[in-house]
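Some notes on the structure that comes next.
There are 2 protein chains.
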Amino acid sequence: MSDKRKTTRRRRGSEQPTLQQVADAAGVSAITVSRALNTPERVNAETRVKVLATVERLGYVPNLVAGSLASSRSRFIAVIVPSLANAVFIEVIQGLQDTFERQGYQILLGNTDYNIEREYQLIRTFLGWSCSALVTAGLRHSEACRSLLGNWDKPIMEVMELGDALDLNVGLDHHEAGRCMARHLLGQDYRSIVYVGACLDRDYRARMRFEGHREVLQAAGLAAPMIELDQLGSLDAGAAGLEQVLDTCPGAHAIHFANDDLAAGALLRARRLGLTIPGDIAIAGFNGLPLGQHVTPRLTTIRSPREDMGRLAAEEVLKRLDAKRVTRRQHDVGFELLIGGST
Amino acid sequence: MSDKRKTTRRRRGSEQPTLQQVADAAGVSAITVSRALNTPERVNAETRVKVLATVERLGYVPNLVAGSLASSRSRFIAVIVPSLANAVFIEVIQGLQDTFERQGYQILLGNTDYNIEREYQLIRTFLGWSCSALVTAGLRHSEACRSLLGNWDKPIMEVMELGDALDLNVGLDHHEAGRCMARHLLGQDYRSIVYVGACLDRDYRARMRFEGHREVLQAAGLAAPMIELDQLGSLDAGAAGLEQVLDTCPGAHAIHFANDDLAAGALLRARRLGLTIPGDIAIAGFNGLPLGQHVTPRLTTIRSPREDMGRLAAEEVLKRLDAKRVTRRQHDVGFELLIGGST
DNA sequence: CGCTACCATGTTAGCGCTAACATAGTTTTA
DNA sequence: TAAAACTATGTTAGCGCTAACATGGTAGCG
Numbered sequence: 001m002s003d004k005r006k007t008t009r010r011r012r013g014s015e016q017p018t019l020q021q022v023a024d025a026a027g028v029s030a031i032t033v034s035r036a037l038n039t040p041e042r043v044n045a046e047t048r049v050k051v052l053a054t055v056e057r058l059g060y061v062p063n064l065v066a067g068s069l070a071s072s073r074s075r076f077i078a079v080i081v082p083s084l085a086n087a088v089f090i091e092v093i094q095g096l097q098d099t100f101e102r103q104g105y106q107i108l109l110g111n112t113d114y115n116i117e118r119e120y121q122l123i124r125t126f127l128g129w130s131c132s133a134l135v136t137a138g139l140r141h142s143e144a145c146r147s148l149l150g151n152w153d154k155p156i157m158e159v160m161e162l163g164d165a166l167d168l169n170v171g172l173d174h175h176e177a178g179r180c181m182a183r184h185l186l187g188q189d190y191r192s193i194v195y196v197g198a199c200l201d202r203d204y205r206a207r208m209r210f211e212g213h214r215e216v217l218q219a220a221g222l223a224a225p226m227i228e229l230d231q232l233g234s235l236d237a238g239a240a241g242l243e244q245v246l247d248t249c250p251g252a253h254a255i256h257f258a259n260d261d262l263a264a265g266a267l268l269r270a271r272r273l274g275l276t277i278p279g280d281i282a283i284a285g286f287n288g289l290p291l292g293q294h295v296t297p298r299l300t301t302i303r304s305p306r307e308d309m310g311r312l313a314a315e316e317v318l319k320r321l322d323a324k325r326v327t328r329r330q331h332d333v334g335f336e337l338l339i340g341g342s343t
Numbered sequence: 001m002s003d004k005r006k007t008t009r010r011r012r013g014s015e016q017p018t019l020q021q022v023a024d025a026a027g028v029s030a031i032t033v034s035r036a037l038n039t040p041e042r043v044n045a046e047t048r049v050k051v052l053a054t055v056e057r058l059g060y061v062p063n064l065v066a067g068s069l070a071s072s073r074s075r076f077i078a079v080i081v082p083s084l085a086n087a088v089f090i091e092v093i094q095g096l097q098d099t100f101e102r103q104g105y106q107i108l109l110g111n112t113d114y115n116i117e118r119e120y121q122l123i124r125t126f127l128g129w130s131c132s133a134l135v136t137a138g139l140r141h142s143e144a145c146r147s148l149l150g151n152w153d154k155p156i157m158e159v160m161e162l163g164d165a166l167d168l169n170v171g172l173d174h175h176e177a178g179r180c181m182a183r184h185l186l187g188q189d190y191r192s193i194v195y196v197g198a199c200l201d202r203d204y205r206a207r208m209r210f211e212g213h214r215e216v217l218q219a220a221g222l223a224a225p226m227i228e229l230d231q232l233g234s235l236d237a238g239a240a241g242l243e244q245v246l247d248t249c250p251g252a253h254a255i256h257f258a259n260d261d262l263a264a265g266a267l268l269r270a271r272r273l274g275l276t277i278p279g280d281i282a283i284a285g286f287n288g289l290p291l292g293q294h295v296t297p298r299l300t301t302i303r304s305p306r307e308d309m310g311r312l313a314a315e316e317v318l319k320r321l322d323a324k325r326v327t328r329r330q331h332d333v334g335f336e337l338l339i340g341g342s343t
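Heads up: the protein sequence lines correspond to chains A and B, in order.
Following UniProt numbering, the numbering of the first sequence begins with 1 at its first residue and continues without gaps.
Following UniProt numbering, the numbering of the second sequence begins with 1 at its first residue and continues without gaps.
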């Protein structure tokens, strides 16, 4: 390097004051300011007051990027869901956010659009942010993703369904939910029951429910016809689904929809067509959305405790982060059959 | 410091390979690996291939925290909304996320729960992450928040409503939307019109719409009664609102609800009560949610282009980040009156 | 052919913070 | 009363990356 040109290669990022500047202004060392902010109980009360006043006076905002690099811990929690269009995931996120933010963690939200490759990319990026934990919806991941997570030493929480999880798991048994509704429909003496779902390759939990449903019908010696729509859960798709059933299965007594959006769309369309429910056709859903309780007749459905699922998932992750005992890796949050007038 | 104890104070964060390790393995310098990953066009094709193969082989995941510190740029966009329970914000977020993620930006989502003090805290934290830009719902902020943002040199985008913005602004005119619906109702010859809102101090945009509504009614020489519910937009609240109107304003011809959730709740309840719509009571909403088009009769409402609003907001921010010309600071996305059978 | 221009890559010095260890003063313990 | 333990604060050395400048080679040009 050239000899004299010590032009002190300056590179200040922003004009924000730094920890060091606060320390100088307060007449202490940088580490004392750091401690006053992060572990106040380890600083003498008098010093603490002086430092915090200086922080306030200078309008100091801690650079969390630098802090994370130094400590190799960020207070990020990666949360990955397949869609934001579905109220179900929103409610889980609310439960997560509520619990995590209360503890000073920030959620990094990723949306895969039901694309398993996209999930891998998101997880890669999130690992680069030194997240403290990962919460992801579902148990299905790409091979690349599994091997990436295999080398990761932070808590991993898989929510929504139960099964063979990577680490922690909070969810419900979708096969059993499908069986439960099918049993209810049989109990009401419907014999010709159609299952209507949408995009079951992506919404594979709906397929699990169908499998449970089919099991029960077959055990009763009945056929289990299924119709798959090509648009994800929406009122429109449900209305279309109803019409498709009326066209192609004229003798159907009941329709078991994969979710409440579809079921409510069908129910509203049926009423508009002047059909009697459940006389002409019975309708059942899944999720327990509020809408189902406001339509007439009330929708028979299965309520899943979504916000609680998020909350419980977050609590279990927090326990892990606090190095608390791991009591159980798996939690079944269950579900509840809500019987309305629609069946 | 003691003389000999050069115990090389090691502090490796994780076991992840670093840039330097990739560089050594590939036989180049660290900066070349950095360039191969971040500005591949500035590296010879042959070298690039060799480096990327090594990256792949070692399973290297870039430490984004370190990168952000060094460059004092993160690819975070702070997004602050008052609630996730409201579909309106979700759709705006979807528009934002879709556009930003496509450009490699990650959204940091904050939820204020309609608490203006919480907004300040969130913004403080987000500034600490060296966000590239801030998108926030609404123009109302605390004094502390304004002064914090005053010193900030990155793009700030305020969405949802139009007005005196800090920087960029994409939204619609809520006063005008209120006027528009009031004019429609007058045009249908309703004379006794009640406005029903919920928590109008928090949902102040609904209050703006009420003010537009009141202006029009008063100009026509009519009273503009208003009922405020104490539960934010939900079907339940709407049903309760309808009953309150029936009780307290027995001569009402029409109800102008602050949003579609309330309106749909009222409409469904009215039908359950056996009322004729719009004969016994006319009902109007705001938002243009799909549900409004599925109830019978269809709900008269105002559709706001929410996802487009998010998309446009993101595009404007991206233009700024690319140092493109700032054509306009403010964009009115407009709205559309949807006339259904409910009025 | 000497000059500038440019391309590909390297060297050095931080970014702003915290972990790890050090030190001085005070209290407790045997 | 000396040693051990604890309290409050400071010093040093990175965390893993990129900006800024440096260097050597090749091409272009009059």
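For glycine and all other residues, C-beta sits at the position ideal for the given N, C-alpha and C.
Using only the alpha-carbon positions, how far apart do residue i and residue j sit?
| i | j | result |
| --- | --- | --- |
| A:Arg73 | A:Ser132 | 7 angstroms |
| residue 353 of chain A | A:Val65 | With chain A represented from 1 up to 343, any question about residue 353 of chain A goes unanswered, as that position is not in the structure. |
| B:Ile116 | A:Gln97 | 18 angstroms |
| A:Ala137 | A:Ala85 | 14 angstroms |
| B:His175 | B:Arg205 | 8 angstroms |
| B:Ile77 | A:Ile107 | 13 angstroms |
| B:Cys249 | A:Leu139 | 54 angstroms |
| B:Leu109 | B:Ser83 | 11 angstroms |
| A:Val295 | B:Asp236 | 12 angstroms |
| B:Arg303 | B:Ile339 | 10 angstroms |
| B:Leu275 | B:Gln330 | 44 angstroms |
| B:Leu200 | B:Asp113 | 14 angstroms |
| B:Asp308 | B:Asp261 | 21 angstroms |
| A:Leu299 | A:Ile281 | 12 angstroms |
| A:Ala263 | B:Arg272 | 19 angstroms |
| residue 346 of chain A | A:Val196 | Summary: the structure shown does not reach residue 346 of chain A, with chain A confined to residues 1 through 343, and so no result is reported for it. |
| A:Ala224 | A:Ala284 | 15 angstroms |
| B:Glu158 | B:Val49 | 43 angstroms |
| B:Thr39 | B:Ser234 | 49 angstroms |
| B:Ile255 | B:His141 | 31 angstroms |
| A:Ile123 | A:Ala53 | 40 angstroms |
| A:Gly187 | A:Glu243 | 25 angstroms |
| A:Ala240 | B:Met208 | 38 angstroms |
Please confirm whether residue i has its beta-carbon closer than 8 angstroms to some beta-carbon of chain A.
| i | result |
| --- | --- |
| B:Lys4 | At B:Lys4, the pLDDT of 32 sits below 50, so the modelled position is not reliable and the matter cannot be decided from this model. |
| B:Gly301 | Checking the displayed sequence, the identity of residue 301 of chain B turns out to be Thr instead of Gly. For B:Thr301, the answer is no, since every Cβ of chain A falls outside 8 angstroms of its Cβ. |
| B:Thr7 | Low confidence applies here, because B:Thr7 scores a pLDDT of 48, under 50, leaving its location unreliable and the question unanswered by this model. |
| B:Ile107 | yes |
| B:Leu291 | yes |
| B:Gly128 | yes |
| B:Asn111 | yes |
| B:Ser74 | yes |
| B:Ser14 | yes |
What are the partner residues of residue i, as DSSP defines its beta bridges?
| i | result |
| --- | --- |
| B:Tyr195 | B:Met226, B:His256 |
| B:Gly171 | B:Met160, B:Asp332 |
| B:Phe76 | B:Gln106 |
| A:Leu338 | A:Thr301 |
Using 8 angstroms as the limit for Cβ to Cβ distance, is residue i near chain B?
| i | result |
| --- | --- |
| A:Met1 | Low per-residue confidence applies at A:Met1: pLDDT is 31, beneath 50, and the placement is therefore not dependable enough to give any value. |
| A:Thr296 | yes |
| A:Ser142 | no |
| A:Thr125 | yes |
Requested in this report: Kindly provide the ranges of any beta strand (DSSP E) runs that are 3 or more residues long and lie completely inside the UniProt domain "HTH lacI-type" (17-71) of chain B, ordered along the chain.
Outcome: Listed in chain order, nothing qualifies, since the UniProt domain "HTH lacI-type" (17-71) of chain B has no complete beta strand (DSSP E) run of 3 or more residues.
Query raised in the report: Hey, which unbroken runs of the beta strand (DSSP E) at 3 residues or more fall wholly within the region 272-311 of chain A?
Result: Fully enclosed beta strand (DSSP E) runs of 3 or longer: 282-284, 301-303.
Query - Every unbroken beta strand (DSSP E) within the region 82-144 of chain B, with a cutoff of 3 residues, ordered by chain - result: Counting whole runs of 3 or more residues, the region 82-144 of chain B contains the beta strand (DSSP E) stretches 106-111, 133-137.
Requested in this report: Closer than 7 angstroms, Cβ to Cβ, to anything on chain A: give me those residues from the UniProt domain "HTH lacI-type" (17-71) of chain B, in chain order.
Outcome: Closer than 7 angstroms at the C-beta level to chain A, one finds these residues of the UniProt domain "HTH lacI-type" (17-71) of chain B: Val61, Pro62, Asn63, Leu64, Val65, Ala66, Ser68, Leu69.
Query raised in the report: Which residues, in chain order, does the region 245-272 of chain B contribute to contact with chain A at a C-beta distance below 7 angstroms?
Result: Cβ contacts with chain A come from Gly265, Leu268, Arg271, Arg272.
Query - Contact list for the region 85-97 of chain B against chain A, Cβ threshold 9 angstroms - result: Listed in sequence order: Ala85, Ala87, Ile90, Glu91, Ile93, Gln94, Gln97.
Query raised in the report: Relative to chain B, which residues along the region 219-243 of chain A have a C-beta separation below 8 angstroms, given in chain order?
Result: Listed by position along the chain: Ser234, Leu235, Asp236, Ala239.
Query raised in the report: Of the residues that make up the region 182-198 of chain B, which ones have a beta carbon closer than 9 angstroms to any beta carbon in chain A?
Result: Of all residues in the region 182-198 of chain B, none is placed with a Cβ closer than 9 angstroms to any Cβ belonging to chain A.
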